[in-house]
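Q: In this note's numbering, the protein residues as written are 428 to 723. The beta-carbon is built from N, C-alpha and C at its ideal position, and this holds for glycine as well. Have a look at the structure that comes next, please.
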């Protein structure tokens, strides 16, 4: 029979473990506050304080949406991110399907290559494409020699080059994100489709893709956000010679002449709002796609 003292000790043990768990979260909470919440609060405050008037208001945002350079930067970032995300998800779907239908050995080698490709980005990726498709790149010279207009006239240091580079680093990331979803496809689905005399097209477009749709939409959202905030690759390729939202933000905090934290913070808020909007839209369509279907 338990004594009152032993019963009290047993009651205090779960409470002690709970407080220890909360205490372990303190360093994590401090990092979140110091490196995420406080900078975000500072950006919001700076974006609402006008550079010229010093008054609280939407002066900086009005400036952004009435200045052609900033309008073009937002538009370029959105369409390049969306295009690269769509192309990346299509190619990644085909690549993930190939890995799903291959043997374990081939799948292991394929995953290893994807991991290597996903880490090859930023400045090294831009330099590699300069060597291949720059003004004096290997493929550019071959195109001029053999009369291939696409290679000879390819503009790497503009929208064409940015789209190609963005698609390149989107594909391995999307494939790695889709591979776990393909592992949830059941063999019974194929057997049932065969029994019902469904074609391969019917099987993929009426059974597999609808069940994979939540994962596909989630991956598409990640790709769009990834491209929207990409900075190192774009800066190494075009520097500030092309209107992109991340490049404009950086130029306001590290300008050659003066620092414009107010406009830079407003641009950063616009970038954050675009990502939040993308996430909300994705969540909406993901829930609709998952309604009544099995999420894999």
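#1: Taking the CB atoms as reference points, tell me whether residue 585 and residue 579 lie closer together than 8 Å.
#2: Rounded to the nearest angstrom, how far is the Cβ of residue 650 from that of residue 702, given a contact under 8 Å?
#3: Any chance the CB of residue 483 is under 7 Å from a heavy atom of the ligand GTP?
#4: If we ignore side chains and look at the alpha-carbon of each, how far apart do residue 503 and residue 627 end up?
#5: Whose C-alpha, out of 670, 693, 706, is nearest the C-alpha of residue 499?
#6: Going along the chain, which unbroken runs of the alpha helix (DSSP H) with 4 or more residues stay wholly within the stretch 564-625?
#7: Using CA atoms only, rank isn't needed, just tell me which of 496, 689, 705, 537 is closest to residue 475.
#8: For the candidate residues 696, 709, 714, whose alpha-carbon lies nearest to that of residue 470?
#9: Judging by CA-CA distance, which residue of 541, 593, 611 is the nearest neighbour of residue 411?
#10: Rounded to whole angstroms, what's the CA-CA distance from residue 526 to residue 534? Just pull it up for me.
#11: Do you know how far the Cα of residue 602 is from the Cα of residue 647?
#12: Tell me the rounded alpha-carbon separation between residue 657 and residue 712.
#13: Would residue 515 and residue 643 qualify as a contact pair, given that the criterion is a beta-carbon distance under 8 Å?
#14: With H, G and I counted as helix, E and B as strand and the rest as coil, what does DSSP make of residue 671?
#15: Would residue 678 and residue 667 qualify as a contact pair, given that the criterion is a beta-carbon distance under 8 Å?
#16: What are the boundary residues of the alpha helix (DSSP H) that includes residue 650?
#17: Could you compute how far the alpha carbon of residue 573 sits from the alpha carbon of residue 548?
#18: With C-beta atoms as the reference, is residue 660 less than 8 Å away from residue 596?
#19: Residues in its own chain within less than 7 Å of residue 705 by CB, not counting five upstream and five downstream?
#20: DSSP state of residue 483, grouped into three classes?
#21: Beta carbon of residue 491, beta carbon of residue 693: below 8 Å?
#22: Around the Cβ of residue 565, are there at least 16 other Cβ atoms within 10 angstroms (buried) or fewer (exposed)?
A: On the basis of the supplied data:
#1: Within the chain shown, the letter at position 158 stands for residue 585. Within the chain shown, the letter at position 152 stands for residue 579. Against a cut-off of 8 Å, the Cβ pair of residue 579 and residue 585 comes out as no contact.
#2: By 1-based counting over the chain shown, the position of residue 650 is 223. By 1-based counting over the chain shown, the position of residue 702 is 275. Wrong, their Cβ atoms sit about 12 Å apart, outside the cutoff.
#3: Within the structure as shown, the ligand GTP is missing, as the structure has no ligands at all.
#4: Position 76 of the chain shown, counted from the first residue, corresponds to residue 503. Position 200 of the chain shown, counted from the first residue, corresponds to residue 627. Their backbone Cα atoms lie some 39 Å apart in a straight line.
#5: Along the chain shown, read from residue 1 onward, the residue named residue 499 stands at position 72. The shortest C-alpha separation from residue 499 is found at 670.
#6: 565-573, 576-579, 586-609, 614-622
#7: In the chain shown, counting from the first residue as 1, residue 475 sits at position 48. Comparing Cα-Cα distances from residue 475 to each of 496, 689, 705, 537, the minimum goes to 689.
#8: Position 43 of the chain shown, counted from the first residue, corresponds to residue 470. For the residues 696, 709, 714, the minimum Cα distance to residue 470 belongs to 696.
#9: As shown, the chain starts at 428 and ends at 723. That puts residue 411 outside it, with no answer to give.
#10: Translated into positions along the chain shown, residue 526 becomes position 99. Translated into positions along the chain shown, residue 534 becomes position 107. Between residue 526 and residue 534, the C-alpha separation is close to 5 Å.
#11: The count along the chain shown starts at 1 and reaches residue 647 at position 220. The count along the chain shown starts at 1 and reaches residue 602 at position 175. Cα to Cα, the separation comes out at about 11 Å.
#12: Mapped onto the chain shown, residue 657 falls at position 230. Mapped onto the chain shown, residue 712 falls at position 285. Between residue 657 and residue 712, the C-alpha separation is close to 25 Å.
#13: Reading the chain shown from its first residue, position 88 is the one you call residue 515. Reading the chain shown from its first residue, position 216 is the one you call residue 643. No, they are not a contact pair.
#14: Position 244 of the chain shown, counting from 1, holds the residue named residue 671. Reduced to three states, the DSSP call for residue 671 is coil.
#15: As a working mapping, residue 678 is identified with position 251 in the chain shown. As a working mapping, residue 667 is identified with position 240 in the chain shown. Against a cut-off of 8 Å, the Cβ pair of residue 667 and residue 678 comes out as a contact.
#16: As a working mapping, residue 650 is identified with position 223 in the chain shown. 636-655 is the span of the alpha helix (DSSP H), which, as asked, contains residue 650.
#17: Residue 573 sits at position 146 when you count from the first residue of the chain shown. Residue 548 sits at position 121 when you count from the first residue of the chain shown. Answer to the nearest angstrom: the Cα atoms are 30 Å apart.
#18: Here residue 660 is taken as the residue at index 233 of the chain shown, counted from 1. Here residue 596 is taken as the residue at index 169 of the chain shown, counted from 1. Closer than 8 Å, so yes.
#19: In the chain shown, residue 705 corresponds to position 278, counting from 1. Taken in chain order, the residues that qualify are 648, 651, 652.
#20: Counted from its first residue, the chain shown places residue 483 at position 56. Note: residue 483 maps to strand in three-state DSSP.
#21: Within the chain shown, numbered from 1, the residue matching residue 491 stands at position 64. Within the chain shown, numbered from 1, the residue matching residue 693 stands at position 266. Cβ atoms of residue 491 and residue 693: closer than 8 Å.
#22: Here residue 565 refers to the residue found at position 138 of the chain shown. Looking at its Cβ environment, which holds fewer than 16 other Cβ atoms inside 10 Å, residue 565 is exposed.
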